[in-house]
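See structure below.
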Amino acid sequence: MRYTGPKVRLSRRAGVPLTRKAVRYFEARPYPPGEHGRKTSRRNAGDYGTRLMEKQKLRWYYDVSERQLRRYWDIARRRPGRTGAELVSLLESRLASLVLRAGLAPSIYAARQYVNHGHITVDGRKVDIPSYLVKPGQVVAVRPRSRAMQPFVAAAEGVYADDRIAPYLDVNHAELRFTLLSRPEREQIAVPVDEQLIVEHYSR
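And the structure:
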């Protein structure tokens, strides 16, 4: 199941801010949540705990369930490249992930909601499946009738945009659209995880 509780708690459990909103909260309370959070040492986790937490961080970052992540793992294993890098590339190619990365949404949770509610099109056709894998050359945009909504007005002004646009995206914020130029490569993806630990977790 996907986590539906307070999102900042996930960042505190993971030890890194997983969303923009979590950054200032994490700076104020960088320790794990809960009554004994201040006394908890992350360094005491064993090998299994460390690998498990890295896998959870990836899940939380992309807001996918364990079942979904396992499915992507199975696909990544069958690809010719490094399994960990292929796994991250697959997750980054999801429609919801790219809507976030392009600066059309403030968080992965909002991006998922925008897709689910039918505000996003791919090559001019409405797609309401957050897990849809976007292919290089495809154009993703906000539907014309949704563009007057406040979140998209803010997105058109670049409010949610990263300081640097990912090199695999060509983004036009004013027009609320972007094109996936090429397959995301692991070296280009800003995700705070060590995918090798995830490979070790699933390979045990």
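When we follow the working numbering, the leftmost residue of the sequence shown carries the number 640, and every step to the right adds one.
The C-beta atom is built at its ideal place from N, Cα and C for all residues, glycine as well.
If you draw a straight line from the Cα of L697 to the Cα of V832, it is about 7 Å long. Assigned with DSSP and collapsed to three states, D833 falls in coil, not helix or strand. A749 is not a Cβ neighbour of A735, given a cutoff of 7 Å. When the beta-carbon positions are compared, L729 and Y701 stay at least 7 Å from each other. DSSP places L772 within a strand segment (E or B) once states are collapsed to three.
The three-state reading of DSSP puts R784 in helix, counting H, G and I together. For P775, same chain residues with a beta-carbon under 7 Å away, outside a window of 5 residues either side, are L819, L820, S821 and R822 in chain order. Within its own chain, the residues whose Cβ lies closer than 7 Å to the Cβ of P769, once the five positions on either side in sequence are excluded, are R733, L734, A735, R751, V754 and N755, listed in chain order.
Note: F817 is bridge-paired with V779 and V810 in the DSSP secondary-structure output.
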